[in-house]
Amino acid sequence: MKSKLLSVKQITDCCSGVHSLALAGDVIRFHRFPPLLETRYQSTADFQIRGGCGAGVRLRFRSNTDTLRLSVRYGREARASYRGALIVDGGEDRAWGPEARQGDWSGTLFTASGPGEHEFDLWLPHLCEMCGEPLKRHRFEP
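In terms of our numbering, the sequence shown opens at residue -14 and continues consecutively.
So this is what it looks like as structure tokens:
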């Protein structure tokens, strides 16, 4: 089966900790705050960084994909913390992302040992700005 890109609506439907998403060129930006709070986080560079980080953002979805790949682009940071976490089928969490600073990162987060459907909890890095390319999928449901 050929992989397809998920739409912004499909990704929005599986997000928690996000007020809205925006597609900017080939990347998705996660906006955690409604407009009133977003405005408050624009007053200083430190607030802008914290407002743009992925703290508390999770994507939960079910899929029969045999491989889950992700590419992210890192922006400014409040702390040198670039790793997210992935939990598959309620099991142990596994870290993903680079240990040290780099602008872009791509990697395989999951490879199935056989056919079947899995539940994924994808947690974004906590204290840095990041955006991701749209997730590719086989069958997907939030």
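Every residue gets a Cβ at the ideal spot worked out from N, C-alpha and C, and that includes glycine.
Checklist entry - Taking the alpha carbon of PRO100 as the point to measure from, which residue in ALA65, THR50, LEU22, PHE46 has its own alpha carbon closest? => result On the sequence shown, residue 100 is found 115 positions in, with the first residue counted as 1. Distance from the Cα of PRO100 is smallest, within the candidate group ALA65, THR50, LEU22, PHE46, for THR50.
Next on the checklist: Am I right that ARG35 and SER1 are in contact with their C-beta atoms under 8 Å? What's the rounded C-beta distance?
Outcome noted: By 1-based counting over the sequence shown, the position of residue 35 is 50. By 1-based counting over the sequence shown, the position of residue 1 is 16. Rounded to the nearest angstrom, the Cβ distance from ARG35 to SER1 is 19 Å, too far for a contact under 8 Å.
Item to check | LEU109 in three-state terms, based on DSSP | outcome: Translated into the one-based positions of the sequence shown, residue 109 becomes position 124. Looking at LEU109 - three-state DSSP - the assignment turns out to be coil, as it is neither helix nor strand.
Checklist entry - Using the rule of at least 16 other Cβ atoms within 10 Å of the residue's Cβ for burial, across every protein chain shown, is LEU21 buried or exposed? => result Here residue 21 refers to the residue found at position 36 of the sequence shown. Label assigned to LEU21: exposed.
Item to check | Through-space distance from SER5 to PHE18, alpha-carbon basis | outcome: Here residue 18 refers to the residue found at position 33 when the sequence shown is read from its first residue. Here residue 5 refers to the residue found at position 20 when the sequence shown is read from its first residue. Approximately 8 Å between the Cα atoms of the pair.
Item to check | Beta-carbon separation (whole angstroms), ARG68 vs PRO110, contact threshold 8 Å | outcome: Start at 1 with the first residue of the sequence shown, and residue 68 comes out as number 83. Start at 1 with the first residue of the sequence shown, and residue 110 comes out as number 125. So it is a contact: roughly 6 Å between Cβ atoms.
Next on the checklist: Give me the DSSP bridge partner(s) of LEU71.
Outcome noted: By one-based count along the sequence shown, residue 71 stands at place 86. For LEU71, the beta-bridge partners assigned by DSSP are ARG79, LEU107.
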